[in-house]
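Visitor:
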Amino acid sequence: MNMSKRELKRILYVEDEIDIQTVAKLALETIGGFTVEVCDTGRKALAVVPKFKPDLILLDVMMPDMDGPTTFNALRSQPASADIPVIFMTAKAQQNEITEYKRIGAIDVIPKPFDPMTLAQIVCDIWTHHGNQT
Amino acid sequence: MATRPENIREQLTALRQEYIRRLPERLGEIEAEWADLLREDWDAEKLRIMHRHAHSLVGSGATFGFPPVSDSARLVEQTLKELSEKPRPTDHTIENKLESLLMELRKAVIQASRELPPLLLDEDTYNDKPPSPTGKARMVYLVEDDENQAEDMALQLQHFGYEVRIFTTLKTLREALKATAPDAIIMDILMPDGDGLSALAEISRDIAPNVPTLVVSILRDFELRLRAVRAGTKAYLQKPVDIGELVDKLDHLTSVKQADPYRVLIIDDSSVMTEYYALILRHAGMLTRTCHDATQVMGALEDFNVDLILTDVYMSGCDGFELAAVLRQQDAYMSVPIVFLSTETDLDKQLMALGTGADEFLTKPITPHQLVSAVTSRAQRARLLRELMLHDSLTGLLNHTTVKERLVKELAQALRRRVPVSLAMIDIDHFKSINDRFGHLAGDRVIKSLAHLLQQRLRQSDVIGRYGGEEFMTLLYDTTGQQAKVLMDKLRDDFAELRHQASEKLFRATFSCGIAAVSGKIKASDLTDLADRALYQAKHKGRNQVVLVNS
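Taken in sequence, the protein lines are chains A and B.
When we follow this note's numbering, the leftmost residue of the first sequence carries the number 1, and every step to the right adds one.
When we follow this note's numbering, the leftmost residue of the second sequence carries the number 135, and every step to the right adds one.
Quick look at the structure:
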């Protein structure tokens, strides 16, 4: 998989909190110029991925029903989403947690709360960095 | 990257304000859940839900620029987690800790909501174009095959704040209804391309069931009226249509009359609590004033026009019972509802509170929803009663006594705020001869239509009263004489265009107006005299005009 050649265009954001959804969508679309789709549950994300075909998935850790890591595993086990890079978003962001998420396969972890004005840039940086690594 | 910082900042600001607006509600939810946990069985599921709600504030607070909200919510979240990991502890250490953390969170929420632009009455503006009371023009579809009649009626309705679209066939009406529904439909039932009543029946059944329909017709037989009722119409008016009656019906059918916000004075010696209650009530659209020292209450009540007083029971200096007794001894506050808010659960004490003149006893903690509904229902009833006492029954405007009292208050306030005010006295020209020629009923309708016009065109903060038989007084706050003159002249023109109806005849009426403008100290009676003299000049110079004098 060579990420550096692929351009980041489509992002799927999985987040149950409506306020954050709105701000993140606005930040990523208006500042980042990305095409953004939002899902409020992991289950919906699984259904949306094959149609939306995102380049990247942003995944909130703490959600009711299916939490972030569970959703992550489910995404990995279905062919349409097995290879799509995932960034976790978390309000806890303790070091051991970050290490754990990276260990299970997340390309990075963005701590919440995020600053809407810089979110797009942070996502871009992670994407570029990840592309260079692989 | 497609960066448009201006645009996104604006949007973020809007989102942020929306977020702040909803914050108290979300905090209230958490607090209610906590109260519930303490009162009822300690329930793991409830703890989990409360934890989720706290967690969501952690994530969102700082994103919207309120790190303290995130920080204090995080502490609440952590403590809840601690609590959920083992059975309910027997001592209250952690529970007490959580209480004080919730208090911190509340402070952070209050701090955040200071950034909301305040809701001020003073912000409303004159309506240069006739408005609807709701701010948005109400749309009426007028179905009438006689174009001249239709345009004439449309023009008249526009003066009262209605936007009118005319349809000369039923076919075009049906098409338009499919695109957008109006606020009301007025229909002449004799249409060239079909029977109006059948069409109305069909419309209210299939096309636009929620739109009120009114029928106008030259026909007067009972059979038709019955058919109209069966077709679901709300009114049947005989042609030629009395525009006053039509507007009355339309107002009634389409109105959400924008109520003056309730004014609530909150007394509690804890400033965090007063701010918090104030916040909840403000978000429900009320105006609030807070007072932290019961002995200062008279000052706080001054020129506030209070609708309801919300007070704590236990306060240093003067307790709630004493406060209620003091207030009830004064005529001005005899009928203002007083609601006690306290942790008191002792029924005897509550009864004692009611005995001293309190109207209701609410027990803390109270959810925002409970608080708002308790305050609203009390304030509403008190207002209705006051309404009956203070208003003129024909026009609904302030009556003579009240308008004079309000004048004194408003002048004092204008002086303190150093803003100009203008007092306009309006008198319908040749009113006696209108009564003589067309009858008293027609005269009453002229008075009502002028009252209507004034109410729709002036601001909520303006004082409008029926001063005498055909004489009206309005006090325009923060308005110079020149501004007042322009405004009253426009109203005078529009009033002169209205057509009034008496049996088969149509007639017009005019008014004369005298304005006295002031931007300093003046006695209310002197200002009234000045305006009266200006009115006399206007009459003397030939009526149907506005004369301005400066004090």
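Glycine included, each C-beta is placed from N, C-alpha and C at the ideal position.
So who's on the other strand from B/H634, going by DSSP bridges?
Guide: Against the second sequence, residue 634 of chain B aligns to sequence position 500. In DSSP, B/H634 forms a bridge with B/F641.
Visitor: Let me make sure I understand the geometry here. Which of B/A369, B/Q292, B/E167, B/L610 has the alpha-carbon closest to that of B/E631?
Guide: Your numbering for residue 631 of chain B matches position 497 in the second sequence. The shortest Cα separation from B/E631 among B/A369, B/Q292, B/E167, B/L610 belongs to B/Q292.
Visitor: Decide if B/E174 is buried, meaning its Cβ has at least 16 other Cβ atoms within 10 Å, or exposed.
Guide: Along the second sequence, one-based indexing puts residue 174 of chain B at 40. B/E174 should be labelled exposed.
Visitor: If you follow the beta strand (DSSP E) that B/Q372 is part of, which residue opens it and which one closes it?
Guide: Along the second sequence, one-based indexing puts residue 372 of chain B at 238. 369–372 is the extent of the beta strand (DSSP E) around B/Q372.
Visitor: When DSSP labels each residue in this structure, what does A/N132 get in the three-state scheme?
Guide: Here residue 132 of chain A is taken as the residue at index 132 of the first sequence, counted from 1. Looking at A/N132 - three-state DSSP - the assignment turns out to be helix.
Visitor: Would you tell me roughly how many angstroms separate the C-alpha atoms of B/A459 and B/D627, rounded to the nearest one?
Guide: Walking along the second sequence from the start, residue 459 of chain B turns up at place 325. Walking along the second sequence from the start, residue 627 of chain B turns up at place 493. For B/A459 and B/D627, the distance between alpha carbons rounds to 52 Å.
Visitor: Restricting to Cα atoms, I'd like to know which of B/D403, B/T213, B/F629 is closest to B/D563.
Guide: As a working mapping, residue 563 of chain B is identified with position 429 in the second sequence. Closest by alpha carbon: B/F629.
Visitor: Looking at the C-beta of A/P116, does it have a partner C-beta in chain B at a distance below 8 Å?
Guide: Translated into the one-based positions of the first sequence, residue 116 of chain A becomes position 116. With 8 Å as the cut-off, A/P116 counts as an interface residue toward chain B.
Visitor: From this set, B/E379, B/P346, B/Q372, B/L334, which residue's C-alpha is nearest B/R354's C-alpha?
Guide: In the second sequence, counting from the first residue as 1, residue 354 of chain B sits at position 220. The candidate whose alpha carbon is nearest that of B/R354 is B/Q372.
Visitor: Compare the beta carbon distance of B/I244 and B/L519 with 8 Å and say whether it is the shorter of the two.
Guide: For the purposes of this step, residue 244 of chain B is taken as the residue at position 110 of the second sequence. For the purposes of this step, residue 519 of chain B is taken as the residue at position 385 of the second sequence. No, the Cβ-Cβ distance between B/I244 and B/L519 is not below 8 Å.
Visitor: Does any residue of chain B have a CB that is nearer than 8 Å to the CB of A/A106?
Guide: Along the first sequence, one-based indexing puts residue 106 of chain A at 106. It does not: the Cβ of A/A106 has no partner Cβ on chain B nearer than 8 Å.
Visitor: Which chain A residues are close to B/R186, counting only those with a beta carbon under 7 Å from its beta carbon?
Guide: Residue mapping note: residue 186 of chain B aligns to position 52 of the second sequence, counting from 1. Neighbours of B/R186 on chain A, chain order: P64.
Visitor: Rank A/T71, A/Q78, A/Q21, A/K9 by C-alpha distance to the C-alpha of A/P113 and give the top, closest one.
Guide: As a first step, residue 113 of chain A must be located in the first sequence, where it is residue number 113. Answer by Cα proximity: A/Q21.
Visitor: With 8 Å as the threshold, decide whether the Cβ of B/A242 is near any Cβ in chain A.
Guide: Indexing the second sequence from 1 puts residue 242 of chain B at position 108. Not one chain A Cβ lies under 8 Å of B/A242.
Visitor: To the nearest angstrom, report how far apart A/E7 and A/T71 are at their CA atoms.
Guide: For this step, residue 7 of chain A is matched to residue 7 along the first sequence. For this step, residue 71 of chain A is matched to residue 71 along the first sequence. The straight-line gap from Cα to Cα measures roughly 25 Å.
Visitor: State buried or exposed for B/R150, treating a residue as buried only when at least 16 other CB atoms are found within 10 Å of its CB.
Guide: As a working mapping, residue 150 of chain B is identified with position 16 in the second sequence. The residue is buried, with at least 16 neighbouring Cβ atoms inside 10 Å.
Visitor: Taking the beta strand (DSSP E) that B/E605 falls in, what are its first and last residues?
Guide: Here the question's residue 605 of chain B lines up with position 471 in the second sequence. 605–611 is the span of the beta strand (DSSP E), which, as asked, contains B/E605.
Visitor: Taking B/D402 as the reference, give the member of B/M237, B/S450, B/D385 with the closest Cα.
Guide: In the second sequence, counting from the first residue as 1, residue 402 of chain B sits at position 268. Of the listed residues, the one whose Cα sits closest to B/D402 is B/S450.
Visitor: Whole-angstrom Cβ separation of A/G68 and A/F88, contact assumed at under 8 Å?
Guide: By 1-based counting over the first sequence, the position of residue 68 of chain A is 68. By 1-based counting over the first sequence, the position of residue 88 of chain A is 88. 6 Å between Cβ atoms; contact.
Visitor: Please compile the residues from chain A whose C-beta is within a distance smaller than 7 Å of the C-beta of B/G193.
Guide: Position 59 of the second sequence, counted from the first residue, corresponds to residue 193 of chain B. Neighbours of B/G193 on chain A, chain order: E17, I20, A91, K112, P113.
Visitor: So, does the CB of A/L28 fall closer than 8 Å to a CB anywhere in chain B?
Guide: In the first sequence, residue 28 of chain A corresponds to position 28, counting from 1. It does not; no Cβ of chain B falls within 8 Å.
Visitor: What is the rounded straight-line gap between the Cα of B/G328 and the Cα of B/E336?
Guide: Within the second sequence, the letter at position 194 stands for residue 328 of chain B. Within the second sequence, the letter at position 202 stands for residue 336 of chain B. Straight-line Cα distance between these residues: approximately 12 Å.
Visitor: With a CB to CB cut of under 8 Å and the five nearest residues on each side skipped, what residues in its chain are close to A/L56?
Guide: Here residue 56 of chain A refers to the residue found at position 56 of the first sequence. Answer for A/L56: L8, R10, I11, L12, I84, P85, V86, I87, V123, W127, listed in chain order.
Visitor: Please compile the residues from chain B whose C-beta is within a distance smaller than 8 Å of the C-beta of A/Q23.
Guide: One-based indexing of the first sequence puts residue 23 of chain A at position 23. It should be pointed out that residue 23 of chain A corresponds to Val in this sequence rather than to Gln. Result: L146, L149, T197, F198.
Visitor: Taking the straight line between their C-alpha atoms, what separation do you get for A/G33 and B/L421?
Guide: Taking the first sequence and counting its residues from 1, the one referred to as residue 33 of chain A is at position 33. Taking the second sequence and counting its residues from 1, the one referred to as residue 421 of chain B is at position 287. Rounded to the nearest angstrom, the two C-alpha atoms are 42 Å apart.
Visitor: Which of the three DSSP states, helix, strand or coil, is assigned to B/T501?
Guide: To locate residue 501 of chain B, count along the second sequence from 1; it is residue 367. B/T501 falls in the coil class under three-state DSSP.
Visitor: Pairs of beta-carbons, one from the segment 538–555 of chain B and one from the segment 572–583 of chain B, closer than 8 Å: are there three or more?
Guide: These segments do not touch.
Visitor: Any idea if B/I320 is buried or exposed, counting beta-carbon neighbours within 10 angstroms, 16 or more meaning buried?
Guide: Counted from its first residue, the second sequence places residue 320 of chain B at position 186. So B/I320 ends up on the buried side.
Visitor: Sort out for me which residues DSSP pairs B/T347 with in a bridge.
Guide: Looking up residue 347 of chain B in the second sequence gives position 213. The partner list for B/T347 (beta bridge, DSSP) reads B/I319.
Visitor: Taking B/V555 as the reference, give the member of B/Y467, B/K483, B/V652, B/K624 with the closest Cα.
Guide: What you label residue 555 of chain B is simply residue 421 of the second sequence in a count that begins at 1. Checked all of B/Y467, B/K483, B/V652, B/K624; the closest Cα to B/V555 is B/V652.
Visitor: How do the segment 348–367 of chain B and the segment 306–314 of chain B stand: do at least 3 beta-carbon pairs fall below 8 Å, yes or no?
Guide: No contact exists between the segment 348–367 of chain B and the segment 306–314 of chain B.
Visitor: Compute the Euclidean distance between the alpha carbons of B/M184 and B/L146, then round it to the nearest angstrom.
Guide: By one-based count along the second sequence, residue 184 of chain B stands at place 50. By one-based count along the second sequence, residue 146 of chain B stands at place 12. Rounded to whole angstroms, B/M184 to B/L146 spans 28 Å at the Cα level.
Visitor: So B/L475 packs on B/I500, CB below 8 Å; how close in whole Å?
Guide: Taking the second sequence and counting its residues from 1, one reaches residue 475 of chain B at position 341. Taking the second sequence and counting its residues from 1, one reaches residue 500 of chain B at position 366. About 7 Å separates the two Cβ atoms, so the contact holds.
Visitor: Which term fits B/S218, buried or exposed, when burial requires 16 or more other beta carbons within 10 angstroms of its beta carbon?
Guide: Reading the second sequence from its first residue, position 84 is the one you call residue 218 of chain B. Exposed: under 16 other Cβ atoms inside 10 Å.
Visitor: What alpha helix (DSSP H) runs, 4 residues minimum, are completely inside the segment 55–88 of chain A?
Guide: Correct list: 68–77.
Visitor: State the DSSP-derived secondary structure class of B/G199, mapped to helix, strand or coil.
Guide: Within the second sequence, residue 199 of chain B is the residue found at index 65, counting from 1. Coil at B/G199, not helix or strand.
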